[in-house]
Amino acid sequence: MKNLFYIVFLFAIIVGCSTSMTNKSFETEPTKITGDTIKIANEELEYEVIIIDPGFTSWFNAYARPRNYYSLAFLEARNRDWTLSWNNKFYQGSRLFDMPLNYENNIDYGYEVNYMIFNYLTYFQLTNNIKLGSFAPRF
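Numbering (this note's numbering), first residue to last: -5 to 133.
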């Protein structure tokens, strides 16, 4: 077997979003990092993102660009492209993709959520030597 480890990735996550298409300004709770678990939550939009992946936290601390390095538009474009490719691979039955990602284009997730999703998807592509979408991962 080529893969001797399992990536545990729990990204279930947008629960009961009832928002309009207007831009809203809101604050997310600070990102909470415990071991290899990262949780981002926002009570106003009623969602949470939980990333459980051994090695992501140390990779993030070593390689991630500082917050506000990328524009929100840049992060959203990459996340849309990469999550679409992720979901296509999931629905085609690829064993590396445990579940689909519920990333919707018409929801304003804010900078922090987009930043963490972007970094996780960059990490995932680089550590698994896989390309998602039309944009190559970079850090």
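Beta carbons are placed, not taken as given, at the ideal position from N, Cα and C, and that holds for glycine.
Whole-angstrom C-beta distance between residue j and residue i, which should lie under 8 Å
i	j	result
residue 109	residue 78	That belief does not hold up - the Cβ atoms of residue 109 and residue 78 are roughly 19 Å apart, past 8 Å.
residue 76	residue 126	4 Å
residue 74	residue 112	Contact flag wrong, Cβ pair sits at about 11 Å.
residue 66	residue 105	5 Å
residue 122	residue 90	7 Å
Simplified DSSP state of residue i, which is helix, strand or coil
i	result
residue 42	strand
residue 75	helix
residue 125	coil
residue 118	helix
residue 97	coil
residue 91	coil
residue 64	coil
residue 15	Bear in mind that the predicted position of residue 15 carries a pLDDT of just 35, short of 50, making it too unreliable to give a figure here.
residue 105	helix
residue 136	Outside the modelled stretch of the chain, which goes from -5 to 133, sits residue 136, for which no answer is possible.
Residue i classed as buried or exposed, judged by whether at least 16 other C-beta atoms fall within 10 angstroms
i	result
residue 178	Any question about residue 178 goes unanswered here, given that the chain covers just -5 to 133.
residue 97	buried
residue 57	exposed
Residue i: CB within 7 Å of a non-hydrogen atom of the ligand FMN
i	result
residue 50	The ligand FMN is absent from the structure shown, which contains no ligands of any kind.
Do the segment 83 to 94 and the segment 43 to 54 make contact, defined as three or more Cβ pairs closer than 8 Å?
no
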